[in-house]
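Note that the numbering used here gives residue 524 to position 310 of the sequence shown, counting from 1, and the numbers run on in steps of one.
For each residue, glycine too, the CB sits at the ideal point set by N, CA and C.
Everything on this sheet refers to the single structure shown next.
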Amino acid sequence: MSKFLTIFSGPKAPEEPTKVNFAGLLNHGNTCYCNSVIQALYACPLFRTRLLQYNDAMRQSRSYLFAKKSPGSTLLFLLSDIFRKIQAAGDGPDNVVDPREFISFLRAENETFNSRAHQDAHEFFTFMLNSMAETLEKETRPAAHSPVVGSLASAAGTPPSAAPSTWIHHLFAGMFVYETRCLSCERVTKKTEQFFELSLNLVAERPQPSAAAAASAAAAANAASSTRPSAPGAGAGPGPGADPPATPPGVVHLPVQRSNYQASALNTQHVSVSFCLRRFATCELLRGQDKFRCASALCAGAPQEAERSIRVAEPPPILTLHLKRFRSGTAFADAFAQQYHGPGRLVGGDKLNSRIPFPTQLRLAELLTPEAEDHTYTLMSVVVHIGADLSQGHYIAITRTSDDCWTVFDDQVMHIVPNRDLGRYFGLPLSKPNERVITQTGYLLFYEKSADL
215 MSKFLTIFSG
225 PKAPEEPTKV
235 NFAGLLNHGN
245 TCYCNSVIQA
255 LYACPLFRTR
265 LLQYNDAMRQ
275 SRSYLFAKKS
285 PGSTLLFLLS
295 DIFRKIQAAG
305 DGPDNVVDPR
315 EFISFLRAEN
325 ETFNSRAHQD
335 AHEFFTFMLN
345 SMAETLEKET
355 RPAAHSPVVG
365 SLASAAGTPP
375 SAAPSTWIHH
385 LFAGMFVYET
395 RCLSCERVTK
405 KTEQFFELSL
415 NLVAERPQPS
425 AAAAASAAAA
435 ANAASSTRPS
445 APGAGAGPGP
455 GADPPATPPG
465 VVHLPVQRSN
475 YQASALNTQH
485 VSVSFCLRRF
495 ATCELLRGQD
505 KFRCASALCA
515 GAPQEAERSI
525 RVAEPPPILT
535 LHLKRFRSGT
545 AFADAFAQQY
555 HGPGRLVGGD
565 KLNSRIPFPT
575 QLRLAELLTP
585 EAEDHTYTLM
595 SVVVHIGADL
605 SQGHYIAITR
615 TSDDCWTVFD
625 DQVMHIVPNR
635 DLGRYFGLPL
645 SKPNERVITQ
655 TGYLLFYEKS
665 ADL
């Protein structure tokens, strides 16, 4: 056992296998959401190496005898077993791995996924990440009394004394710093918070003006309205006299099934991931019902207008970006939810088809605190949603094969595409935003620090 601990407990990062193999995953009835996320995570070298190492440790320990097909099994171990089977499959183009045990355990563990309805890949990713972290915390907690469990925690790269900060936290978790400046006394309050992903709004939102500024702007607008016609809103697209752009090839038009959904303000905001990140760090004005209760002696806890900004103090080795392409609470989403899932549950969600280019190299310089170290991130994989809304469609994964090509995983089918084909998954500019169309758009983006690759 001492030799086992020596191999796995050091601070040195685990070495990547000399050859990385790939395989498709069988679909067990609308499980593309699961397959695509698994393939996207497998494409992240840091995570893949840690998980394969964890699987080796489990299989070498006594715990392996009780891990499979028993109450002691976990999503973490079953996922590591999928990775092991993919790595052992060889390099053939027709390799396929069956994730049946993982899917069965997932459906038994969480009722949300015990259905053949279309699922949200982001919701699954969040649940699985939390589940894996909880498993490692439980294995690490009794490490002082159990040499086997302690060795497993060490194999994962987490010293037993570091619980509950697992290697899942080490790879995926970063640290936010919220800075709130009271506009009455100028006091600055700081608060830190851990995050596992950055969820980026794709709809451009105008900054909130103060009450005085809003009143002044309204008066100016009323005065100007009598002398000139009203202009279209920002990003509203061509005027009524302009010729609409040609419909891109391969776009399937569906009938509009909602009446009170104003999509023009959503689908015509074509921005980039870099722009969304800059907007993420923009100061937010807290006023009205959102006023900040300042604890300074001058304000004495009374609600005050304040400015709040968010910065990244500790960027994670694996950066997950969630592009918020679905909007629930619309007429269509409500109708779908009531028809198929009963009243009160929103599972639909109108899709924002905006063109959002995502770079293969990314820096967070504008989001970082002055003390944080800047890094270059490399895009490793993308989970793509194909469909008109969240209630239906299909998921695929696109993973980095080299600097010049990518591998597309569509359940058990996989094929190579050139680097330039990434543009197919940015989204589409639509000539008629109110139309529902089937588009293929990036949804979850997985980046790794280049220095760690």
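Does DSSP put residue i in a helix, in a strand, or in coil?
i              : result
glycine 607    : strand
serine 318     : helix
histidine 242  : coil
valine 402     : strand
alanine 527    : strand
isoleucine 382 : helix
valine 310     : strand
valine 487     : helix
valine 627     : strand
leucine 293    : helix
leucine 255    : helix
asparagine 328 : coil
leucine 642    : coil
leucine 266    : helix
leucine 582    : strand
asparagine 235 : coil
leucine 350    : helix
alanine 335    : helix
Please return the same chain residues whose Cβ sits closer than 7 angstroms to the Cβ of residue i, not counting the five positions on each side in sequence.
i                 : result
isoleucine 296    : Ile252, Val311, Pro313, Phe316
proline 462       : Since pLDDT at proline 462 reaches only 35, below the 50 mark, its modelled position is unreliable, and no value is offered.
lysine 233        : none
phenylalanine 339 : Val251, Leu658
Can you tell me which residues form a DSSP beta bridge with residue i?
i                 : result
phenylalanine 409 : Gly388
cysteine 619      : Pro632
cysteine 396      : Ala520
valine 596        : Ile612
glutamate 587     : Beta-bridge pairing links glutamate 587 to no other residue.
threonine 340     : BP columns for threonine 340 are empty, so no partner.
aspartate 564     : Arg541, Asp603
isoleucine 532    : Glu662
phenylalanine 506 : Gln518
arginine 577      : Thr590
threonine 653     : Gly601
leucine 260       : Note: leucine 260 sits in no beta bridge, so no partner.
asparagine 415    : Lys538
leucine 500       : Ala520
Who are the Cβ neighbours of residue i in its own chain at under 8 angstroms, not counting the five residues just before and after it?
i             : result
threonine 583 : Val391, Arg525, Val526, Ala527
serine 664    : Gln575, His589, Thr590, Tyr591, Thr592
glutamate 580 : Leu491, Arg492, Ala495
glycine 607   : His332, His599, Ile600, Gly601, Ile652
Output yes or no for whether 8 angstroms exceeds the beta carbon distance between residue i and residue j.
i                 : j              : result
methionine 657    : arginine 539   : According to the sequence shown, residue 657 is tyrosine rather than methionine. It is a contact, given that the beta carbons lie within the stated cut-off.
proline 529       : leucine 385    : no
alanine 271       : valine 596     : no
tyrosine 591      : leucine 533    : yes
cysteine 619      : glutamine 518  : no
aspartate 394     : arginine 522   : The sequence shown places threonine at residue 394, rather than the aspartate named in the question. Yes.
phenylalanine 327 : glutamine 333  : yes
isoleucine 570    : serine 510     : no
glutamate 662     : proline 259    : yes
asparagine 567    : threonine 653  : yes
serine 294        : asparagine 269 : yes
cysteine 399      : cysteine 508   : yes
threonine 499     : leucine 416    : Reading off the sequence, residue 499 comes out as leucine, not threonine. Cβ atoms of leucine 499 and leucine 416: not closer than 8 angstroms.
leucine 292       : aspartate 625  : no
alanine 331       : asparagine 244 : yes
Would you grab the beta carbon distance between residue i and residue j for me? Rounded to a whole angstrom, and I think it's under 8 angstroms.
i              : j             : result
asparagine 235 : aspartate 305 : 5 angstroms
glycine 238    : valine 627    : 6 angstroms
arginine 614   : alanine 335   : So it is not a contact: roughly 18 angstroms between Cβ atoms.
methionine 346 : leucine 290   : 4 angstroms
leucine 414    : leucine 491   : 7 angstroms
arginine 298   : leucine 266   : 6 angstroms
threonine 406  : threonine 380 : Not confirmed; about 19 angstroms, so no contact.
lysine 565     : alanine 611   : 19 angstroms between Cβ atoms; not a contact.
So, for residue i: in the same chain, excluding its five sequence neighbours on each side, which residues have a beta-carbon less than 6 angstroms away from its beta-carbon?
i                 : result
aspartate 617     : none
glutamate 323     : none
proline 632       : Cys619
phenylalanine 572 : Val487, Gly656, Leu659
leucine 320       : Phe327
phenylalanine 409 : Gly388, Phe390
threonine 403     : Thr394
arginine 501      : Glu519
Does the beta carbon of residue i sit closer than 8 angstroms to a beta carbon anywhere in chain C?
i           : result
alanine 303 : Of the protein chains in this structure there is only one, and it is not chain C.
Can we count residue i as close to the ligand FMN, meaning its CB is less than 7 angstroms from some heavy atom?
i          : result
valine 487 : Among the ligands in the structure shown, none appear at all, so the ligand FMN cannot be discussed.
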